[in-house]
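Shown next, in structure tokens, is the structure this report addresses.
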Amino acid sequence: MAEARSWGLVNVVLGVVLVALVAATAFFVSQAPGQDPGRVSAQRASDEYAALTAAAGREAQAFLTVDYRHLDPTARAVLAGATGRFRTEYAKGLVHLRAAARHSRARSTGRVRVLGIGQLDARSAVVYVAADSTVSNTSTGHEPQPRYYRLRLDMKRVHGAWRTADLSFVS
Amino acid sequence: MSDRAPSSGEHPSFLGSGRLAVVLLVLVVLAVVACGWALARAQQAPAGVGGAIRSTTARTTGMAAATRLTEKALSYRWNTFGADMRSAEAGMTPDFRAQYARSMAKVREQTMSDHVRLRASVVASSVVSADDHEVEALVFVNQVTATKGSAQRRVDQNRVLVTLARGAGDWQISQMKVF
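So the protein sequences, as listed, match chains V and W.
If you read the first sequence in my numbering, its first letter stands for residue 1318, the second for the next number, and so on.
If you read the second sequence in my numbering, its first letter stands for residue 38, the second for the next number, and so on.
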């Protein structure tokens, strides 16, 4: 009888522990990614952010990089990330850009410092970029000089990928 | 009543059996494993999050606060210097407040002697990263400086990286870097 009571006590304790563990498991499962709509939303926003800023960063870097000896790779990079009016205008201006770059023997290496998202919805976004470049041309006496930029990139989603629809300097 | 008596008499022996203890022990071990797995999964960051935007609410509220607090922190006038400082300090964490006070102490004398009026306007604001406790914002600020005896106003176009922290209350500036 005393042995049965001892086992009874052990079983009650084990039962309580089991119930507590089942409850804790259920709670942790409910907190896992994919179960909470808020976290799913944050994850989507974060994925979107990464894709958007990567595209904007590539475009800003390409736009600020110029080498009068090899302009084609830069132009191709800018056009690959561009869409709409910006793409059309940049393509149109390439002849002048080539001539001006050759004439001034311009070289510039862009470096994106910080990017931030100003606005974002499913189809469009505004990204602000703080970028620097080191510029040398005839007017700098071919000495490298630093330049500091504040850029605004208007981005559009085209066939699932972010493209730059407009690029301007923030004054 | 007489049918139920034997049945109720069996319960104590079943509850007090060693076999039940073995079964419960096995179940407890399985539950420990399941609970550990669920805990690890719950603590896992959502895939794709790279320290960027973890909270869309923080992004919205943080960006608005960054605009408002940056303008306050970077604007002051010689004739309202103390009040401007106090107003700006209300939007700062204690650590950053001390740093800000040291910086302002350095410009105080010249501000008074030259009747400096400095107005900061945010022309663009954006969010670099955001979670429920911290927001990093990229803010483009135009600072217009006017001084006594000079008709010319100097305009500085700055890029400011502002970090905001939020404890129990509102967003406060915890770091500010003009670059």
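Even for Gly, the Cβ is constructed at its ideal location relative to N, Cα and C.
Every value quoted in this text rests on a predicted model; they were computed, and no experiment measured them.
Between the C-alpha atoms of residue i and residue j, what's the straight-line distance to the nearest angstrom?
i, j, result
"V/D1449", "V/F1403", "21 Å"
"V/T1320", "W/V59", "Here the sequence assigns Glu to residue 1320 of chain V, which means Thr is not the residue at that position. Each residue's alpha carbon lies about 15 Å from the other."
"W/V197", "W/V215", "4 Å"
"V/F1486", "W/L76", "48 Å"
"V/V1327", "V/S1347", "30 Å"
"W/A157", "W/A138", "18 Å"
"W/W208", "W/G186", "39 Å"
"W/L175", "W/A89", "13 Å"
"W/A95", "W/A167", "6 Å"
"V/V1339", "W/L61", "13 Å"
"W/G55", "V/F1345", "31 Å"
"V/R1415", "V/S1425", "13 Å"
"V/A1399", "W/Q212", "35 Å"
"W/T200", "V/R1419", "43 Å"
"V/E1365", "W/S92", "13 Å"
"V/R1422", "W/E173", "39 Å"
"W/V181", "W/R190", "6 Å"
"W/L57", "V/V1336", "15 Å"
"W/T98", "V/D1389", "43 Å"
"V/G1410", "V/G1435", "28 Å"
"W/S124", "V/Y1465", "31 Å"
"V/R1386", "V/E1460", "17 Å"
"V/A1439", "W/A188", "48 Å"
"V/T1457", "V/V1383", "15 Å"
Leaving out five residues on either side along the sequence, give the residues of the same chain with a beta carbon under 7 Å from the beta carbon of residue i.
i, result
"V/A1430", "The displayed chain sequence assigns Arg, not Ala, to residue 1430 of chain V. Answer for V/R1430: A1447, A1448, D1449, listed in chain order."
"W/A84", "Low local confidence applies: a pLDDT of 37 at W/A84 is under 50, so the model's placement there is unreliable, and no value is given."
Residue i and residue j look like a contact to me (Cβ under 8 Å); what is the Cβ gap, rounded to whole Å?
i, j, result
"V/W1479", "V/A1368", "6 Å"
"W/V144", "W/T184", "Contact doesn't hold; Cβ gap of about 12 Å is too wide."
"V/R1469", "V/V1443", "6 Å"
"W/F177", "W/V192", "At roughly 13 Å, the Cβ-Cβ gap does not stay under 8 Å, so W/F177 and W/V192 are not in contact."
"V/R1322", "W/G53", "6 Å"
"V/Y1445", "V/G1433", "5 Å"
Between which residues of its own chain and residue i is the CB-CB distance below 8 Å, once the five residues before and five after are set aside?
i, result
"V/V1395", "E1376, A1379, F1380, Y1407"
Excluding the 5 residues preceding and the 5 following residue i in the sequence, name in chain order all residues of the same chain whose CB lies nearer than 6 Å to its CB.
i, result
"W/S163", "L175"
"V/D1483", "F1403, D1471"
"V/G1548", "Residue 1548 of chain V lies beyond the stretch modelled for chain V, which goes from 1318 to 1488, so this question has no answer here."
Could you please give me the residues that DSSP links to residue i through a beta bridge?
i, result
"V/F1489", "As shown, chain V starts at 1318 and ends at 1488. That puts residue 1489 of chain V outside it, with no answer to give."
"V/W1479", "V/R1474"
"W/L198", "W/L175, W/K214"
"V/Y1445", "V/G1433, V/R1469"
"W/V181", "W/R156, W/V192"
"V/V1333", "V/V1333 is not bridged to any residue."
"V/S1425", "V/V1383, V/V1452"
"W/S163", "W/L175"
"W/R203", "W/W208"
"V/A1399", "V/T1481"
The stretch 147-159 of chain W touching the stretch 113-125 of chain W, judged by at least three CB pairs closer than 8 Å: yes
Quick test of the definition: if touching needs 3 or more C-beta pairs under 8 Å, does the stretch 1330-1344 of chain V touch the stretch 60-76 of chain W? yes
Below 8 Å, can you find three or more Cβ-Cβ pairs linking the stretch 198-216 of chain W to the stretch 1467-1476 of chain V? no
Any 3 or more C-beta pairs closer than 8 Å across the stretch 126-141 of chain W and the stretch 93-110 of chain W: yes
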